[in-house]
Amino acid sequence: MNAQTAAAQADRTKPAHVGDHLREWRQRRHLSQLDLAGDAEISARHLSFVETGRAAPSRDMVLRLAERLDVPLRDRNVLLVAAGFAPAFPQRSLDDPALKPARAAIDLVLKAHEPNPALAVDRHWNLVSANRMVMPLLQGIPPRLLGQPFNVLRLSFHPEALAARTVNLAEWCGHLLERLHRQCEATADPELIKLYHDLKAYPIPARSAPLSSDNVAIPFKMRLGGDTLSFFSTTMIFGTPVDITLSELAVETFFPADDLTAARMRSMAANLK
Numbered sequence: 013m014n015a016q017t018a019a020a021q022a023d024r025t026k027p028a029h030v031g032d033h034l035r036e037w038r039q040r041r042h043l044s045q046l047d048l049a050g051d052a053e054i055s056a057r058h059l060s061f062v063e064t065g066r067a068a069p070s071r072d073m074v075l076r077l078a079e080r081l082d083v084p085l086r087d088r089n090v091l092l093v094a095a096g097f098a099p100a101f102p103q104r105s106l107d108d109p110a111l112k113p114a115r116a117a118i119d120l121v122l123k124a125h126e127p128n129p130a131l132a133v134d135r136h137w138n139l140v141s142a143n144r145m146v147m148p149l150l151q152g153i154p155p156r157l158l159g160q161p162f163n164v165l166r167l168s169f170h171p172e173a174l175a176a177r178t179v180n181l182a183e184w185c186g187h188l189l190e191r192l193h194r195q196c197e198a199t200a201d202p203e204l205i206k207l208y209h210d211l212k213a214y215p216i217p218a219r220s221a222p223l224s225s226d227n228v229a230i231p232f233k234m235r236l237g238g239d240t241l242s243f244f245s246t247t248m249i250f251g252t253p254v255d256i257t258l259s260e261l262a263v264e265t266f267f268p269a270d271d272l273t274a275a276r277m278r279s280m281a282a283n284l285k
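Next up, the structure:
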């Protein structure tokens, strides 16, 4: 299923019956009823009855099928409610006392990554938190584009923001679009799908040639003060979240891809003290 198909599905009236939801998630994962039934250790006939509304699944079965389908926690609650059960997964603010240890862990990761930039984003790529090394890289960007929380992807594509100083704009933004497309495929989130199409409308050049076989990752290269800084990025997520907020949070860390960048980041960090 491509992003346009996902968008069409997202625009339709939401299915009311749990069977409709399950069928859509199964089709989104490109699984047959036989495949899913085997994974969930139930009969294909019973799964068919559940999808058509001829059988009502238990709470445990809804959760088992959702797990096999890798349904996001937010949508597992939707499945449970559609089946007549209470939601199973809470959604708390990061300021909630229950999430204090998780927030402390995020802050620790961001701080420990200095003198290199790191930031945390929510499911729609809105900035949640960042270490001290992020804002110096954004100097000169119009303040109206940096209102809190700002969207990290929109900032990357905007011609008055990072796009204007990104050296390998086609490769980097192409990578970001591909990553966002995979998220749209996996979640069918209407806001992510809208973001994907909004970003595609920006005047980003097409890749001129395939990546060299010598490359091990696509770097982010940006101009700053007469230098070209080059970073590799990694993404960290919570491994076993049972809270919706934590399950949708990602920490993006950037590592210097060359000695010049490493030295420049150390110098910038020293000047911030």
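Going letter by letter, the sequence shown gives residues 13 to 285 in our numbering.
Note that beta-carbon positions come from the ideal geometry of N, C-alpha and C, so glycine has one too.
Predicted model, so just to flag it, every value in this text is computed and none were measured.
Spatial distance of residue i from residue j (CA atoms)
i       : j       : result
His-33  : Glu-183 : 36 Å
Tyr-208 : Ala-176 : 20 Å
Arg-86  : Cys-185 : 28 Å
Leu-261 : Arg-135 : 6 Å
Thr-199 : His-29  : 19 Å
Ala-100 : Lys-285 : 45 Å
Asp-210 : Pro-129 : 26 Å
Asp-255 : Leu-120 : 20 Å
Arg-166 : Lys-123 : 25 Å
Ser-141 : Val-90  : 28 Å
Ile-230 : Ala-78  : 33 Å
Phe-162 : Ala-132 : 12 Å
Arg-104 : Val-83  : 19 Å
Thr-246 : Arg-194 : 16 Å
Arg-156 : Gly-238 : 25 Å
Ile-153 : Leu-139 : 16 Å
Met-13  : Val-164 : Reliability fails at Met-13, whose pLDDT of 47 lies under 50, so the model's placement of it is uncertain and no value is given.
Other residues of its chain near residue i: CB distance less than 7 Å, five sequence neighbours each side excluded
i       : result
His-125 : Asn-143 and Thr-265
Thr-64  : Gly-31
Val-179 : Lys-233, Met-234, Arg-235 and Thr-240
Leu-181 : Ala-175, Ile-216 and Pro-217
Ala-49  : Ser-55, Ala-56 and Leu-59
Gly-96  : none
Arg-76  : Ala-52
Ala-274 : Pro-268
Val-93  : Pro-99
Phe-243 : Pro-231, Phe-232, Phe-266, Phe-267, Pro-268, Ala-269 and Thr-273
Ala-18  : Any reading at Ala-18 is ruled out, since the residue's pLDDT is 48, under 50, leaving its predicted position unreliable.
Leu-158 : Leu-150
Buried or exposed by the 16-neighbour rule on C-beta atoms within 10 Å, applied to residue i
i       : result
Asn-283 : exposed
Ala-218 : exposed
Leu-272 : exposed
Arg-35  : buried
Ile-249 : exposed
Leu-204 : buried
Ser-70  : exposed
Met-73  : buried
Ser-168 : buried
Arg-88  : buried
Met-147 : exposed
Ala-173 : buried
Backbone secondary structure at residue i - three-state DSSP
i       : result
Thr-257 : helix
Ala-28  : coil
Ala-67  : coil
Ala-262 : strand
Ile-205 : helix
Thr-252 : coil
Asp-82  : coil
Leu-284 : helix
Arg-235 : strand
Ser-279 : helix
Ser-242 : strand
Same chain, Cβ closer than 6 Å to residue i, five either side skipped, listed in chain order
i       : result
Leu-81  : Trp-37 and Arg-41
Ala-114 : Leu-258
Pro-102 : Asp-255
Proximity test, residue i beta-carbon vs the ligand ADP heavy atom, cut-off 7 Å
i       : result
Glu-126 : With respect to the ligand ADP, the structure offers nothing, as it holds no ligand at all.
Cβ-based neighbour list, residue i, same chain, cut-off 8 Å, excluding 5 preceding and 5 following
i      : result
Gln-45 : Arg-38, Ala-56, Leu-59, Ser-60 and Glu-63
Ala-67 : His-58 and Phe-61
Could I get the ranges of all uninterrupted alpha helix (DSSP H) runs contained in the stretch 99–163, with 4 residues as the minimum, in chain order? Within the stretch 99–163, complete alpha helix (DSSP H) segments of at least 4 residues are found at 112–124, given in chain order.
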